[in-house]
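Colleague:
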């Protein structure tokens, strides 16, 4: 099965959580919008998908994954679908639901991280909501970020499988997503993260463990990995970093 | 199986999406925090769950559902679990993923509806972020609300099963959640919804169809249905209604 990933070509964004899973599993996939338009892909192919009124299950937003004729959207839903197929999720139903529950909590966290720089409207420029962003960033750094990361640290501590991974004794897509969240936060809030990270030793170790996995390390060193930038979910504005 | 729902007792909130599914299916369930503390339930039981360090799969937030020994959190995840058990979801995997994808899009919409009155910090009073709320409400009414409801209207229009329900020819938990979203928006933004609703005839018909279902009608008329109020997700502040 060759998977087709549809996502905006210039940012890591939510697509990155899917990319990391496909890369870790060495899955056969094409990142459609980053391929040439002359080969029938690129942005025109992405726009065709979004405008295709014949799709019975249309996505509200990207990323979307095409698997054969199936079009699946919502990042956590895509990972729910891919998990068992790429051997990146527990086999039993209870374990799969737990992985998905963690992924949905990560999704909530990501939305809040995004809204730090866009508290008023996602359609307005940052500069048009900078004053409000400063207020929201203060709450995010002091209240929300420690609350979320404290929770995930506790999940590692409670893991009866030893705490090397979020769930049991094996890596899952949740570990890859947790890595990405920590990478994004460290990019966006370097001062806040440097000050706080000693509180979360298990998460820091998980971050390093994921980054050192051979396929992830190869991916991160490749041109397939886009750099963080000020168009993505995680943005570095020094005035929001306290 | 007797299900135990753990949710804050004074609001509909995200718990309501689970309640509607349990009610439509006439499931055996207890709304723990609304039962008496002297019977071992009520708020003390809810706090015990949240503080229980022996839970291997702790919830980050409520609602949580207890099914036997399993504790499941994240509203959409609870519905993913309950769907097949209560016959409220398609049977095939592709259909279940589609139902879940719609539910996750509803979850995103709900978060945005909440952030209209709390754009800066969920931990601050509305009055402390009223100015920012007015700006965000403008964007929500003009851009986001029409975008989301236009999408859901289109899903009904594309449904090859006839468009009486969101998916196929049978009601699912997604229809119940869609009803709740429309009820909440009509409470919070009566002027905006009255002005706009002619754009979404299929959604209005779905809303009425769900409300007329015998078990839902009985539930809505019962004391189990809490009224909307200014502590929930959907809040009526006239200054945010344009």
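Chains as they are written, first to last, in our numbering: chain W, 53 to 294; chain C, 53 to 294.
Virtual Cβ for every residue (Gly too), placed ideally from N, Cα, C.
The structure displayed is predicted, hence computed values, not measured ones.
1) Candidates 103(W), 292(W) and 54(W): which alpha carbon is nearest residue 121(W)'s?
2) Less than 8 Å between the C-beta atoms of residue 82(W) and residue 107(W), yes or no?
3) Which whole-angstrom value describes the C-beta separation of residue 285(W) and residue 230(W), a residue pair presumed to lie in contact below a C-beta threshold of 8 Å?
4) CB-CB under 7 Å to residue 98(C), same chain, minus the five flanking residues each way: which ones, in chain order?
5) Would you list, in chain order, the members of the stretch 172-195 of chain C that have their beta-carbon closer than 7 Å to a beta-carbon of chain W?
6) Using a C-beta cutoff of 8 Å, does residue 133(C) count as contacting chain W?
7) The beta strand (DSSP E) that contains residue 249(C), what's its start and end?
8) Under a three-way DSSP split, which group does residue 283(W) fall into?
9) Based on DSSP bridge pairs, tell me the residues matched to residue 56(W).
10) Give me the subset of the stretch 147-159 of chain W whose CB atoms are less than 7 Å from a CB atom of chain C, sorted by chain position.
11) Report yes or no: do the stretch 226-240 of chain W and the stretch 252-262 of chain W share at least 3 C-beta pairs separated by less than 8 Å?
12) Can you find a CB in chain W that lies within less than 8 Å of the CB of residue 110(C)?
13) Under 9 Å Cβ-Cβ, which residues of chain W neighbour residue 206(C)?
14) Would you list, in sequence order, the uninterrupted alpha helix (DSSP H) runs of no fewer than 4 residues that lie entirely inside the stretch 192-275 of chain W?
15) On the three-state DSSP scale, how would you describe residue 107(C)?
16) Quick one: does residue 232(W) have its CB under 8 Å from some CB of chain C?
17) Between which two residues does the alpha helix (DSSP H) holding residue 169(W) run?
18) Is any beta-carbon of chain C found at less than 8 Å from that of residue 203(W)?
19) Quick one: is residue 124(C) near chain W, going by C-beta distance under 8 Å?
20) Mind listing the chain W neighbours of residue 129(C)? Cutoff is C-beta to C-beta under 8 Å, in chain order.
21) Step through the CB atoms of chain W and report whether any lies within less than 8 Å of the CB of residue 210(C).
22) Does residue 73(W) pass the burial test, meaning 16 or more other C-beta atoms within 10 Å, or should it be called exposed?
23) Output, in chain order, the set of chain C residues within a Cβ distance shorter than 7 Å of residue 224(W).
24) Leaving out five residues on either side along the sequence, give the residues of the same chain with a beta carbon under 6 Å from the beta carbon of residue 305(W).
25) At least one CB of chain C closer than 8 Å to the CB of residue 227(W): is that the case?
26) Hey, is residue 274(W)'s beta-carbon within less than 8 Å of any beta-carbon in chain A?
27) My output table needs one value for residue 172(C): the three-state DSSP class, helix, strand or coil.
28) With a cut-off of 8 Å on the beta carbons, I'd call residue 280(C) and residue 64(C) a contact; round off their distance for me.
29) Taking the straight line between their C-alpha atoms, what separation do you get for residue 194(C) and residue 251(C)?
30) Under a three-way DSSP split, which group does residue 130(C) fall into?
31) Does the stretch 142-158 of chain W come close enough to the stretch 217-229 of chain W to have 3 or more Cβ pairs within less than 8 Å?
32) To which residues does DSSP link residue 124(C) through a beta bridge?
33) So with Cβ pairs under 8 Å, would you call residue 139(C) a contact of chain W?
34) Considering just the uninterrupted stretch of the alpha helix (DSSP H) at residue 67(C), what are its terminal residues?
35) What distance in whole Å lies between the Cβ atoms of residue 125(W) and residue 119(W), which are believed to be in contact at a cut-off of 8 Å?
Modeller: A quick look at the data gives this:
1) 54(W)
2) no
3) Rounded, the Cβ-Cβ distance is 15 Å, inconsistent with contact.
4) 58, 84 and 85
5) 172, 173, 175, 184, 187, 188, 191 and 195
6) yes
7) Element bounds for residue 249(C): n/a, residue is neither H nor E.
8) coil
9) 82(W) and 118(W)
10) 149, 150, 152, 153, 156 and 157
11) yes
12) yes
13) 105 and 110
14) 197-210, 225-240, 242-248, 253-263 and 266-273
15) coil
16) no
17) 145-169
18) yes
19) yes
20) 149, 152, 153 and 156
21) yes
22) buried
23) Under the 7 Å cutoff, chain C gives no residues; its nearest Cβ is about 14 Å from residue 224(W).
24) Not covered by the structure: residue 305(W). The range shown for chain W is 53 to 294.
25) no
26) This model lacks chain A altogether, as its protein chains are W and C.
27) coil
28) 6 Å
29) 13 Å
30) helix
31) yes
32) 117(C)
33) no
34) 67-76
35) Not a contact, Cβ separation roughly 12 Å.
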